[in-house]
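Below: one structure, written as structure tokens.
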Amino acid sequence: MSAKVVQVARRARRDAMPALSTAGQVALDAYAAALRTTTDASAVTVRNYLSDLRQFIAWAEGEWAAGQEDIVAFAPVRLTTPLLTRYRSYLQHTRQLRLASVNRALVSIKRYNAWLLSEGLVTRDVAAPVKLIPETPRPPRHLEDSEEEALLAAVAAHGSARDQILITLMLHTGLRAREVCALRRRDVTLGKRSGILRVYGKRNKYREVPLNATARTALVPLLAKPDDAETPLFPSEKTGTALTARGLGYLVTKYAALAKVDDLSPHDLRHRFGYQMAARTPLHRLAQIMGHDSLDTTMLYIQGTTRDLQNEVEKIAWE
């Protein structure tokens, strides 16, 4: 994807943002400032929270205007549980969003209302009674062997040494995009027959991720350079600072396109590791390696796809 295409896409998203009243924009800006100073969420997550809230504020102002009320400008004290329930219905039935998207928007609004309450801007949390919509979790994308081979071939043919090491490490450790981008030289310990990565994951939770022989071999060239312990393991080739999660996403998308693998993200490389490990690793150990808070998340990797289950029952067929 060229820089020009990216700029056009960003401009289109910006132009599509709903207009807010002055009061609505002030409310959004106040919450944005609070998020950026008090949360450990990633920049992408914060951006999603604010996008969801902007959509809701615009809708609420439209609802009030349609009701021909005297005041249509957004005000937190005017939020009610019935209003939020109508918004949930609007997202699900009028806009026909996926349940995951509806629930994400509701979570964003719930977080906003909790913040309003903590700041004394409202006297009760009207979002608390609004329930998320139950959804059946879908198993993560299962990257095929042939797709992994094509991806690695594309990186080997068109990528830098850094990118080859980066993709290999992600496939063999299952790190999240933010985690791999945050790695410093001091976070890596290599031995002849073992190695570990010291990783700070979601909510800054610390864990140690073991390195197999492939990952250790891939990392040797990086550690051979006489750099400072605080040097980013994967610096940006333009700035020298740590590669960003967005930059990593761009790289994965680029090599996936060259490999003719559709809709691949850094998280799909994490899923690939999860599936590979789930076939041979106890569930609680895999959860520890991947940094899952709940075994329910890890369970998704052992829920067979329809094709997997079909293959299993075929093994006992008489013909």
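Here my numbering is used: the first residue of the sequence shown is 4, the next is one more, and so on.
Beta carbons are placed, not taken as given, at the ideal position from N, Cα and C, and that holds for glycine.
Boundaries of the beta strand (DSSP E) in which residue i is found, first to last residue
i      : result
Glu211 : 209-213
Val202 : 198-203
Secondary structure of residue i, DSSP reduced to three states
i      : result
Thr256 : helix
Thr192 : strand
Arg91  : helix
Leu23  : coil
Glu147 : coil
Asp299 : helix
Glu315 : helix
Thr97  : helix
Thr84  : helix
Glu240 : coil
Same chain, Cβ closer than 6 Å to residue i, five either side skipped, listed in chain order
i      : result
Met4   : Any reading at Met4 needs caution, since the residue's pLDDT is 46, under 50, leaving its predicted position unreliable; the model's value is listed next. Excluding positions up to five away in sequence, the list is empty.
Ala232 : Arg188, Arg189
Thr301 : Leu286, Leu289, Ala290, His295
Leu341 : Only positions 4 to 322 of the chain appear in the structure, and residue 341 is not among them; the question remains open.
Arg181 : Ser45, Ala248
Val11  : Confidence in Val11 is poor, its pLDDT being 42 and thus under 50, which makes the residue's placement unreliable; the coordinate value appears in the next sentence. Closer than 6 Å at the Cβ level, and outside the excluded window around Val11, lies no residue.
Ala262 : Ala153, Leu154, Ala157
Residues of its chain near residue i, where Cβ-Cβ distance is below 7 Å and the 5 sequence neighbours each way are ignored
i      : result
Lys208 : Gly294
Ala63  : Phe77, Leu86
Ala281 : Leu289, Tyr304, Ile305
Leu109 : Arg91, Val133, Leu135
Leu31  : Leu23, Leu53, Leu56, Arg57, Ile60
Lys7   : Caution applies to Lys7, whose pLDDT of 46 falls short of 50 and renders its modelled position unreliable; the value that the coordinates give is listed next. Answer for Lys7: no residue qualifies.
Range covered by the alpha helix (DSSP H) that runs through residue i
i      : result
Thr247 : Run containing Thr247: none; DSSP gives neither H nor E here.
Pro269 : 269-281
Asp1   : Nothing can be reported for residue 1, as the shown portion of the chain is limited to 4 through 322.
Leu102 : 102-121
Ala164 : 164-176
Arg219 : 216-226
Val75  : Taken as a continuous stretch (DSSP letters only), Val75 belongs to no alpha helix (DSSP H), as it is neither H nor E.
Leu303 : It is not in any alpha helix (DSSP H) - Leu303 carries neither H nor E in the DSSP assignment.
Arg288 : 286-293
Sequence-distant residues of the same chain with beta carbon closer than 8 Å to residue i, five excluded per side
i      : result
Ala103 : Glu138
Arg206 : Asp43
Asp18  : For Asp18, the predicted model reports a pLDDT of 42, less than 50, meaning its position is unreliable; a value from the coordinates is still stated below. There are no such residues.
Asp166 : Val158, Leu254, Tyr258
Beta-bridge partners of residue i, as assigned by DSSP
i      : result
Arg187 : Pro235
List in chain order: all unbroken alpha helix (DSSP H) runs of 4+ residues lying wholly within the region 25-70. 25-41, 46-69
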